[in-house]
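Here's the structure we're looking at; comments come further down.
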Amino acid sequence: MTSYRLQGRGRVDHGKPVNFTFDGKTYQGLAGDTLASALLANGVHLMGRSFKYHRPRGVVSAGSDEPNALMGTRRGPGRFEPNTRATIQEIREGLEAASQNRWPSLAFDMGAINDNLGSLFSAGFYYKTFMWPRAFWDRVYEPVIRNAAGLGVSPTEPDADSYASRFAHVDVLVVGAGPAGLAAALAAGRSGASVMLVDENAEVGGTLLSEPTVVIDGQPAWDWLAATVAELDGLANVQVMPRTTAIGYYHQNLVGLAQRLTDHLAAPPEGAPRERMWKVRAKEVVLAQGALEKPLVFDGNDRPGVMLASAAQTYLNRYGVKVGDRPAIVTAHDSAWHAAFDLAGAGAKPVVIVDMRASVDPALTDRAHALGIEALLGRTVTGTAGRLRVTSLRVNRMEGGKAGEPRDIGCDAVLMCGGWTPCLHLFSHTQGKLAWDEALQVYLPGRKTEAVQIAGAGRGLWSIAASLGDGANAGAAAARDVGLEAEAPAFGVAADRKPDVLGRHVVLEVDEGLGLGRVAVGQERRFTMKRYVKYCYTTLYSKCASGSRPTAGIVTASIHGPVSGAGSRMRHRQAPVRRQAGAVQSASARGCPARSEVRPSVGRSSACCRPSRSRSRCMGHHGRRLPPRTSFLNWPTEYDIGVMTSMSKIESLRGEVGLCQRSTTWRSGLGSRPRPSAGFSTAMRRSADPPGTRSSARSPSWDMSPPRPPAPCGRTAPAWSA
Amino acid sequence: MLLIHCPYCEQDLPELEFAYAGEAHIARPADPSKLTDEEWRDFLFIRTNPKGVHFERWRHVNGCARFFNAVRETVGDKFLATYRADEPRPDISSLTGDAK
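Chains as they are written, first to last, in this note's numbering: chain A, 1 to 722; chain B, 1 to 100.
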């Protein structure tokens with residue numbers, strides 16, 4: 001095995017090698033690996049190319065929130081799937097994977113020329129440039145652009161697989177099987193309630209899989225996990241379902257689940273369905289979806305080798321894979337320090353820990369010194385270098401809020417951590433409101449509309465001890481709500497490394513195809529509302545990671561000025577799910593999704609509305625008024641503050657951190673290669689003005705009146721009826 | 001999918017079995033021939049369509065096929081109550097107070 005695989009570590013089966021191919025080359029992984037961990041074990045970081053500029057991309061996360069490592073996977077005729085996340089796909093003997101969006105090869109890609117010409121391709125370039133001569137559109141421009149666009153290639157053969165669906169009615173549905181979800185399932189299961197515990201990963205356990213050193217009730221984490229799973233399996237009223245993603249939360253606690261059945265099997269049973277769509281009606285739902293780590297913002301944070309610190313920790317502890325020999329850690333949070341210590345303990349030599357905070361717990365710096373890791377506090381990172389793999393990191397001292405003298409530090413991986421943000425996407429499906437928590441600097445669940453409990457890191461409780469306790473309480477409360485006697489079990493936790501409260505951090509992230517320049521250009525073109533900027537003008541949120549990276553809050557915050565949760569929601573879908581899951585088997589499935597299956601029908605309204613709560617202002621067939629959709633078509637609120645605020649906020653944040661760069665189509669508005677943008681530079685100039693002069697300096701281009709409301713379309717009673 | 005309580009069948013049944021049938025409690029004028037054109041128009045066409053609590057008629061078309069009335073909150077699309085067509089309009093405050 002390679003030098004990146006650590007003998008005897010992780011939950012993979014070191015006695016069971018598994019062969020698979022990536023871009024035609026055969027690699028060996030171990031049973032229990034994902035495609036991403038097996039490739040990392042072979043030293044492969046370059047796994048894809050970005051959407052528009054074809055920048056080299058490596059794996060960023062270790063879970064379903066992966067934006068970069070998207071591959072085509074194949075299992076014979078009719079069984080090709082584009083955009084499979086390498087972090088989710090388990091390897092199996094004979095798995096064929098291929099990188100996407102590159103020609104002729106992943107390492108040498110002609111399309112990358114876009115990256116160098118990027119300054120010509122501003123946001124909206126396509127819509128304005130290829131308009132003349134008119135006849136050229138059909139014959140020349142469109143085919144060429146269409147050929148260059150997109151990531152994976154749509155399959156052309158009919159889908160050879162079958163898909164199943166099933167209904168279920170349970171007392172308590174627990175989504176997420178980390179510490180909080182397991183505790184909730186235990187509490188509810190012991191009370192006799194019928195419980196369904198679902199988790200999107202191949203194995204239940206969540207954080208515990210990456211934190212083997214925690215001691216729960218006197219047992220090491222993995223022993224406790226095994227005992228807990230055994231107890232749950234032994235309860236006839238509890239059903240544990242791994243590889244099952246909760247895809248939608250509909251009215252009256254109806255939850256859609258997509259269960260992957262055969263994708264991980266080398267030889268699936270004849271006629272077995274590939275996936276099963278569950279429509280579960282639960283009396284109570286416990287959302288224990290945990291939290292996602294936020295990436296940091298600096299130029300070149302999309303280079304292969306740059307990844308989340310928690311992902312590196314997961315690859316190390318769960319898969320026994322070292323992501324690099326000389327990793328550098330960039331953080332604003334304690335958790336990444338432990339990732340560095342774990343890597344040092346596994347034989348890697350972390351070169352530096354850069355913490356943006358001016359002071360941290362002395363125990364951390366002492367431990368770093370003892371391990372021979374240089375710790376730099378109060379520094380920021382402004383860039384990385386390297387072509388197909390990161391080779392160095394540029395660290396700047398902070399001087400009066402500005403980045404000072406740079407220093408380049410060689411490394412072969414950069415692990416970043418900008419803190420954590422609760423994963424509340426499903427909660428947002430229910431029209432649940434998010435509330436900004438000033439102390440934790442995250443959005444927490446606010447007003448609820450369904451019989452739902454949120455437990456653990458989803459409520460900003462980061463430590464394993466707090467998550468276990470909170471999960472147990474939520475599970476017991478859910479069981480009591482369905483009329484059963486329930487008690488919350490108590491857990492004794494030791495060696496819990498996750499802090500209870502976050503240090504304050506300042507992070508601006510602009511993600512998924514949105515460089516700051518693009519925001520500015522979009523706003524210049526009068527797309528002033530955050531929703532227009534997000535959805536119409538830039539390609540923000542346009543890809544598989546759509547809404548899954550913890551950008552919702554941050555981007556929103558940065559675009560709309562005062563950070564407030566009121567009216568904010570997370571994007572509907574957390575993880576991309578095949579549309580055909582549970583389809584009535586149809587040849588049209590892949591690439592041409594049937595509509596009915598992912599949306600447990602909202603009756604007649606489903607034909608014209610989005611899934612879930614039918615958020616559009618749609619009248620249905622009989623003039624039945626459906627709930628309004630809070631995004632996109634609403635009028636500006638006090639939170640939709642335009643360019644001025646956002647740009648001055650971005651500027652102020654920029655003084656404290658480097659600028660973002662991690663996305664598929666990323667171009668930074670700042671950093672080493674500034675992107676020319678009139679809007680941005682104007683904003684910069686303006687925000688440099690003394691505060692009092694700003695309003696008087698407003699030029700007409702900023703001073704935009706809100707868009708005119710559309711004609712009422714018969715939605716409201718006309719005025720003359722009053 | 002919503003579950004709707006049919007007051008005749010006394011069961012919570014899927015929305016698919018039901019059909020919406022417009023606003024409830026609109027009394028037919030006792031003597032239509034005495035109405036002005038405006039009053040007749042108002043009776044025929046003008047509806048409240050509120051954002052919030054709405055009284056409306058539903059028909060259990062794929063079940064008992066009978067009409068009943070419902071109180072639905074249009075923002076969250078929640079049924080607060082359903083009752084037989086001949087019953088009086090329930091008090092809104094008691095319903096919204098109960099509704100979480």
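We put the beta carbon where it would ideally sit given N, CA and C, even for glycine. Quick caveat, the model's predicted, so the values are computed rather than measured.
Give me the Cβ distance between residue i and residue j, rounded to the nearest whole Å; I'm assuming they're in contact under 8 Å.
i	j	result
A:L30	A:V12	4 Å
A:T449	B:G76	5 Å
A:V330	A:V381	5 Å
A:A494	A:V215	4 Å
A:N396	A:A385	With 8 Å as the limit, A:N396 and A:A385 do not qualify as a contact, their Cβ atoms being about 14 Å apart.
A:I373	A:A340	6 Å
A:D171	A:S194	5 Å
A:D33	A:Y319	6 Å
A:A375	A:L343	Not really, about 14 Å apart at Cβ, beyond 8 Å.
B:H54	B:C9	With 8 Å as the limit, B:H54 and B:C9 do not qualify as a contact, their Cβ atoms being about 22 Å apart.
A:G152	A:Q100	5 Å
A:P489	A:A226	Not quite, the Cβ-Cβ distance comes to about 17 Å (not below 8 Å), so this is no contact.
A:A202	A:E90	5 Å
A:V279	A:V482	In the sequence as displayed, the identity of residue 279 of chain A is Lys instead of Val. The Cβ separation is near 19 Å, so there is no contact.
A:R447	A:G469	Actually they are not in contact, since the Cβ atoms of A:R447 and A:G469 sit about 24 Å apart, beyond 8 Å.
B:E15	B:L2	4 Å
Do we get a CB-CB distance below 7 Å when we pair residue i with the residues of chain B?
i	result
A:H251	yes
A:T245	no
A:T21	no
A:T449	yes
Step through the CB atoms of chain A and report whether any lies within less than 7 Å of the CB of residue i.
i	result
B:G76	yes
B:L80	no
B:L13	no
B:L95	no
B:L2	yes
B:P7	no
Who are the Cβ neighbours of residue i in its own chain at under 6 Å, not counting the five residues just before and after it?
i	result
A:G410	S392
A:G324	D412, A413
A:D109	R49, H54, R102
A:T754	Missing from the structure shown is residue 754 of chain A; chain A here goes from 1 to 722 and no further.
B:P7	F68, T82, Y83, R84
B:N62	E17
A:S37	Y315, Y319, V321
A:G603	Summary for A:G603: the model assigns pLDDT 33, below 50, so the residue's position carries little reliability; its value from the coordinates is reported in the next sentence. So no residue of the chain qualifies.
A:R266	According to the sequence as given, residue 266 of chain A is Ala; it is not Arg. Answer for A:A266: R92, E93, listed in chain order.
A:L95	F20
What residues are listed by DSSP as bridge partners for residue i?
i	result
B:Q11	B:C6
A:H169	A:R281
A:E90	A:T34
B:K78	B:E73
A:V452	A:V285
A:S355	Checking the displayed sequence, the identity of residue 355 of chain A turns out to be Asp instead of Ser. Its beta-bridge partners are A:T331, A:L377.
A:M241	A:V198
A:L232	BP columns for A:L232 are empty, so no partner.
A:N19	A:Q28
A:C724	This structure leaves residue 724 of chain A out entirely; chain A is present only between 1 and 722.
Leaving out five residues before and five after residue i in sequence, what residues of the same chain have Cβ atoms less than 7 Å from its Cβ?
i	result
A:T682	Confidence in A:T682 is poor, its pLDDT being 37 and thus under 50, which makes the residue's placement unreliable; the coordinate value appears in the next sentence. Same-chain partners within the cutoff: there are none.
A:R57	M47, G48, R49, S50, N68, D302, P304
B:R89	H25, F55
B:S33	none
Does any residue of chain C have a CB that is nearer than 7 Å to the CB of residue i?
i	result
A:V198	Here chain C cannot be found, since the structure's protein chains are A and B.
Which same chain residues end up closer than 8 Å to residue i when comparing Cβ atoms and leaving out the 5 residues on each side of it in sequence?
i	result
A:F167	W278, K279, V280, R281
Query raised in the report: At a cut of 8 Å, does the segment 54 to 72 of chain A reach the segment 80 to 97 of chain A through at least three beta carbon pairs?
Result: Under the three-pair Cβ rule at 8 Å, the segment 54 to 72 of chain A counts as touching the segment 80 to 97 of chain A.
Report task. Evaluate contact between the segment 184 to 192 of chain A and the segment 474 to 484 of chain A, counting only Cβ atoms and requiring at least three cross-stretch pairs below 8 Å. Result -> Yes, the segment 184 to 192 of chain A touches the segment 474 to 484 of chain A.
Query raised in the report: Hey, is the segment 480 to 495 of chain A in contact with the segment 212 to 232 of chain A, meaning 3+ C-beta pairs nearer than 8 Å?
Result: The segment 480 to 495 of chain A, when compared against the segment 212 to 232 of chain A, does touch it at the 8 Å Cβ threshold.
Query raised in the report: Would you call the segment 273 to 284 of chain A and the segment 352 to 360 of chain A touching, i.e. three or more CB-CB distances under 8 Å?
Result: Touching, no.
Query raised in the report: Three or more beta-carbon pairs under 8 Å between the segment 417 to 432 of chain A and the segment 451 to 466 of chain A, yes or no?
Result: Taking 8 Å as the limit for Cβ pairs, the verdict is that the segment 451 to 466 of chain A does touch the segment 417 to 432 of chain A.
Query raised in the report: Using 8 Å as the threshold, is the segment 175 to 187 of chain A in touch with the segment 221 to 236 of chain A, meaning 3 or more CB pairs across them?
Result: Three or more pairs of CB atoms, one per stretch, sit closer than 8 Å, so the segment 175 to 187 of chain A contacts the segment 221 to 236 of chain A.
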